[in-house]
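Position one of the sequence shown corresponds to residue 733 (this note's numbering), numbered consecutively onward. A short worksheet on the structure shown next.
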Amino acid sequence: MVVVTLMLTLVNSYTTFNLGSKLDSITGSAVEVKQGEVKETQPLGAQKPALQPNVQVSVDDDPVKGSANAPVTIVEFSDFECPFCARFYEQTMGLIDENYIQTGKVKLVFRDFPLAFHENAQKASEAAECADEQGKFWEYHDSLFENQGEWSSIGVNKFKEYAQELGLNTEKFDACLDSGKYASEVQKDLSDGQGYGVSGTPTFFVNGIKIVGAQPYSAFQQLIEQELAK
């Protein structure tokens, strides 16, 4: 009886582990799951993302890169302090820009999703919104990701320096940032993202198809080409 019980326990443990492994391979992410906690998402390599049901995702009034008439829309929910979001920017976004955005096939919409455990993520998003007021969102977006290691432990003072380096009206920018003018706008993006099932960063919706993590260019290419062929 003891032997039978032991064997059943081992079988059950193996099945549970095997199921967990299969789920990981489907999502393509290595994520520490904690109930009720949003998180960063990290890819496990060049695995194909699971195709999700289409989600009707609003672009709100957020910054857009590309032609308004592009047939494919990518909505990105991102955190400027998230290292995996920076990885997407460094390794993948440039190729999407060159091959699809500049050719009029894709437009990219950036929506904020600052994670609570990133001390300066909320203010970074607000700073980018203040830069957007002066028509420099994407330049400021690039500065934040390219200098992430520099400002992540400092915050506001560096945000003001970047505005000056980009030639913004610093008096207007500083007043915007210090007043918290866009704090509620950033939180609205966060709330909307949670409503769409976003639980970590970066998360993307390619014509409503969800893709999670700093996936390689090939994963985005597959979905974009699929949508362009429709």
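C-beta: ideal position from N, C-alpha, C; glycine also.
Exercise. If you pair each beta-carbon of the stretch 886-905 with each one of the stretch 831-840, do three or more pairs fall below 8 Å?
Worked result: no
Exercise. What three-state label does DSSP hand I828 in the structure shown?
Worked result: helix
For this session: State the Cα-Cα distance for the pair Q673 and V791, rounded to the nearest angstrom.
Result: Since the displayed the chain opens at 733 and closes at 962, residue 673 lies outside it and no answer follows.
Problem set entry | Secondary structure of T835, DSSP reduced to three states | coil
Exercise. Since G945 and P934 are thought to touch, with beta carbons under 8 Å apart, how far apart are those beta carbons, to the nearest angstrom?
Worked result: 7 Å
For this session: Kindly list the residues whose CB is nearer than 7 Å to the CB of K868, restricted to its own chain and excluding five residues on each side of it in sequence; keep chain order.
Result: L898 and L900
Exercise. Which same chain residues, not among the five before or five after K855, have their C-beta less than 8 Å away from its C-beta?
Worked result: G887, V888, F891 and L909
Problem set entry | Local conformation of G932 per DSSP, three classes | strand
For this session: With a 10 Å radius around its C-beta and 16 neighbouring C-beta atoms as the bar for buried, classify N786 as buried or exposed.
Result: exposed
Exercise. By Cβ distance, which residues of its chain are closer than 7 Å to H873, with the 5 residues on each side in sequence left out?
Worked result: F842 and A860
Exercise. Between the beta-carbon of E813 and the beta-carbon of P846, is there less than 9 Å?
Worked result: yes
Problem set entry | Status (buried if at least 16 other CB within 10 Å, exposed otherwise) for M733 | Confidence in M733 is poor, its pLDDT being 46 and thus under 50, which makes the residue's placement too unreliable to answer from.
For this session: Please work out which residues of its chain come closer than 8 Å, Cβ to Cβ, to N744, disregarding the five sequence neighbours upstream and downstream, and give them in chain order.
Result: The pLDDT assigned to N744 is 42, lower than 50, so where the model puts this residue is not dependable, and the model offers no usable value.
Exercise. Can you check whether the CB of K839 is closer than 9 Å to the CB of V967?
Worked result: Residue 967 is absent from the model: the chain starts at 733 and stops at 962.
Problem set entry | Residues near E959 in its chain [Cβ-Cβ closer than 6 Å; skip 5 each side] | V804 and N939
For this session: Could you check the C-alpha separation between S799 and D829 for me, to the nearest Å?
Result: 11 Å
Exercise. Tell me which same chain residues have a C-beta within less than 7 Å of the C-beta of A853, skipping the five on either side of it?
Worked result: D811, F812, E813, P846 and L847
Exercise. Leaving out the 5 sequence neighbours to the left and right, which residues in its chain are closer than 8 Å to L922 when beta-carbon positions are compared?
Worked result: D844, F845 and P846
Exercise. From A961 to A802, what distance separates their C-alpha atoms?
Worked result: 14 Å
Exercise. Can you list, in chain order, the residues of its chain whose CB lies under 7 Å from that of R819, leaving out five sequence neighbours each side?
Worked result: A946
Exercise. Assuming E865 contacts G912 under a Cβ cut-off of 8 Å, what Cβ separation, rounded to an integer in Å, is found between them?
Worked result: With a Cβ gap of about 14 Å, E865 and G912 do not count as contacting.
Exercise. In this structure, does DSSP put E706 in helix, strand or coil?
Worked result: Nothing about residue 706 can be read from this structure; the chain reaches only from 733 to 962.
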